[in-house]
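Number of protein chains: 2
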Amino acid sequence: MSKSPDATRRSERSRRAILDAALTLVGEVGYNKLTIEAIAARAGVGKQTIYRWWPSKAAVLLDASLSLSGEAVEEGGWTGFPDTGDLAADLKTVLRITVDQFLDERYDAPTRALTAAGATDPDLGTRFTEQLLEPQLALYEARLRTAVDAGQLPADTDLRLMVEMLVGPLTYRWLMRTAPLAHAHTDALVDVVLRGVGYVTTRPAAAGA
Amino acid sequence: MSKSPDATRRSERSRRAILDAALTLVGEVGYNKLTIEAIAARAGVGKQTIYRWWPSKAAVLLDASLSLSGEAVEEGGWTGFPDTGDLAADLKTVLRITVDQFLDERYDAPTRALTAAGATDPDLGTRFTEQLLEPQLALYEARLRTAVDAGQLPADTDLRLMVEMLVGPLTYRWLMRTAPLAHAHTDALVDVVLRGVGYVTTRPAAAGA
DNA sequence: GTATCAATGCGAGACGTCTCGTCTTTCATC
DNA sequence: GATGAAAGACGAGACGTCTCGCATTGATAC
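Which chain is which? The protein sequence lines are A and B, in order. Using this note's numbering, you'd call the opening residue of the first sequence number 713 and step up by one each time. Using this note's numbering, you'd call the opening residue of the second sequence number 713 and step up by one each time.
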């Protein structure tokens, strides 16, 4: 039984110091040159304390990012997703915020690192997707569902596909650096997607589909 | 002058063996655990032969992928992009092929590894994008341009955005593993995008889709 | 034409260095 | 007196350089 140390005795102080150090360091040196030794040194903890509680540096960073997105939620007062009744405006607002996050080095570095690590490590990728990504996608989907209920979107809309059509192209441009990110870009994206799925501003409209 | 070995004396046999070994190994152990020593051993070449011609293991893998996509072009007889006059069908065809490639382990592993490595290593990422990605995106863009010229798409269509709307969501689902890939998925994607940009099959069409 | 020879890439692997993850020791806390 | 934590010693393994013969090449001499 080499496993499972007693979690109740765990030092919260050390935990936080480790997560903070990981976030800082990944921004300074990048993911590839991020070492557990450096995290331990910066956090003022022994290496073993990290190895005791996390299986890999990727896992540390995942926890760190989770706490980071937790903070963001509290700061921004994000209980959910804006719902002004104007779907187009709401989507543009959220995507603009996402663009801003991608452009914020503090957020960009760890997220990029995790995305990359998750792409090649199926285990980590699954946790990354389930714990960080899916909850966000679910917010989009919920907002879209209210639009369906309001008759602004066809009842048979593939919401999952629609969410990925909103998030996918932006994420693609960000990850691959094929072009600079801009608010105008996501605004145009929203317009094309909404038109593509048959969005109607107010009344049920007689046309198409 | 320690630089510039004589390229005319280079062993083509060794070059191919190295690229093949790199592709095989990256599928077996993943990018992170891929070592130049292992590539050399598998290829039956000396380490120095790799270090003489490539600056890093990432560069080896990039060359290997380039040769792989080169093969794919020859096999499929891809001189360009299908152009049957039916834009929707052509896009669906190409995206279905892309789905098949993503599902092919031989292609998936190295591409995934490179994408991930490129995401965190800006240098490599730039070369990856320029040499592998952009040429493919350019094929899409060219096909779309002929559609514009044929009056099937509005003259002011943002082709770049449109290409990313086609490729982005698929790549996203592939990388993040948020859902299984399927032909039906990309078919639906094409339909929404085309409707969103105002695609008309033949004549200017009056109806709302 | 063929024999010789210097130049250069190649396969093999030894070498010193670096960083990894584990193990050991000592102290603090419950 | 257990157990976690800080510090660092330790072996493992990959790095990139190097040194060796061997094979191939192109130039020169006969």
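All residues carry an ideal CB built from backbone N, CA and C; glycine is no exception. None of the values given here were measured: they were computed from a predicted structure.
Boundaries (first-last residue) of the alpha helix (DSSP H) holding residue i
i         : result
Ser768(B) : From DSSP, Ser768(B) is part of no alpha helix (DSSP H); its letter is neither H nor E.
Arg839(A) : 834-840
Ser726(A) : 724-741
Tyr884(B) : 871-888
Lys804(A) : 799-815
Pro847(B) : 846-861
Arg754(B) : 748-755
Val905(B) : 895-909
Check whether residue i and residue j have beta carbons under 9 Å apart
i         : j         : result
Leu803(B) : Leu906(B) : yes
Gly880(B) : Tyr819(A) : no
Thr890(B) : Leu845(A) : yes
Val772(B) : Ile809(B) : no
Leu799(B) : Leu882(B) : no
Leu873(A) : Val909(B) : no
Pro717(B) : Trp766(B) : no
Val902(B) : Gly863(B) : no
Val875(A) : Ala867(A) : no
Ala831(B) : Thr838(A) : no
Contacts around residue i, its chain only, beta-carbon distance under 7 Å, and the 5 residues preceding and following it disregarded
i         : result
Asp899(A) : Lys804
Leu815(B) : Leu893
Ala917(B) : Here Ala917(B) scores only 45 on pLDDT, less than 50, and its place in the model is too uncertain to base an answer on.
Arg725(B) : none
Ile750(B) : The amino acid at residue 750(B) is misidentified as Ile; the sequence shows Ala. The answer, listed in chain order, is Leu737.
Arg855(B) : Phe793, Asp795, Asp802
Met713(A) : For Met713(A), the pLDDT reaches just 38, beneath the cut-off of 50, and the residue's location in the model is therefore unreliable, although a value from the coordinates is still provided. So no residue of the chain qualifies.
His895(A) : Arg808, Val811
Per-residue contacts from residue i into chain B (C-beta, under 7 Å)
i         : result
Gly742(A) : Thr832
Leu887(A) : Ala831
Ala801(A) : Near Ala801(A) there are no residues of chain B at all, since even the closest Cβ is about 18 Å away, more than 7 Å.
Own chain partners of residue i with C-beta closer than 8 Å, once the 5 adjacent residues on each side are dropped
i         : result
Thr796(B) : Asp802
Gly739(A) : Glu817, Arg818, Ala821, Pro822
Ala921(B) : Only weak support exists for where Ala921(B) lies, its pLDDT of 42 falling under 50; the value from the coordinates is given anyway. Within the same chain, Ala921(B) has close Cβ partners Arg907.
Gly756(B) : Ala729
Leu746(B) : Ala734, Leu737, Val738, Lys769, Leu773, Ala825
Leu878(B) : Leu803, Leu807, Tyr852, Leu901, Val902, Val905
Val741(B) : Ala750
Among the options, nearest to residue i - alpha-carbon criterion
i         : options                                    : result
Ala770(B) : Asp868(B), Ala825(B), Gln848(B)            : Ala825(B)
Leu887(A) : Gly742(B), Ser781(B), Trp765(B), Phe840(B) : Phe840(B)
Asp833(A) : Ser723(B), Asn744(B), Ala859(B), Arg721(B) : Asn744(B)
Leu851(B) : Gly792(B), Glu786(B), Glu783(B), Asp732(B) : Gly792(B)
Leu780(B) : Val741(B), Ala750(B), Asp732(B)            : Asp732(B)
Gln848(B) : Ala784(B), Arg721(B), Thr761(B)            : Ala784(B)
Asp775(B) : Arg727(B), Met877(B), Glu787(B)            : Arg727(B)
Arg721(B) : Thr761(B), Asp812(B), Arg754(B)            : Thr761(B)
Ser777(A) : Leu865(A), Gln813(A), Leu878(A)            : Gln813(A)
Thr869(A) : Asp835(B), Ser723(B), Gly782(B), His897(B) : His897(B)
Residues that residue i contacts on chain A, provided the C-beta gap is smaller than 8 Å
i         : result
Tyr819(B) : Near Tyr819(B) there are no residues of chain A at all, since even the closest Cβ is about 15 Å away, more than 8 Å.
Asp868(B) : The premise fails here: Asp868(B) is roughly 11 Å from chain A at the closest Cβ pair, so nothing lies under 8 Å.
Partners in chain A for residue i, counting only beta-carbon separations shorter than 7 Å
i         : result
Gly908(B) : Val904, Val905, Arg907, Gly908
Ala854(B) : Ordered by position in chain A, no residue passes the 7 Å Cβ test against Ala854(B), which lies about 16 Å from the chain.
Partners in chain B for residue i, counting only beta-carbon separations shorter than 8 Å
i         : result
His897(A) : Leu873
Leu901(A) : Leu873, Met877
Leu845(A) : Met888, Thr890
Contacts that residue i makes with chain A (C-beta to C-beta distance below 9 Å)
i         : result
Tyr763(B) : By Cβ distance, chain A contributes nothing, its closest Cβ being about 19 Å from Tyr763(B), past 9 Å.
Gly837(B) : Leu887, Met888, Arg889
9 Å Cβ cut-off: residues of chain B touching residue i
i         : result
Ala825(A) : Ala831, Thr832
Cut-off 6 Å between Cβ atoms - residues of its own chain near residue i, not counting five sequence neighbours on either side
i         : result
Ala752(B) : Lys759, Ile762
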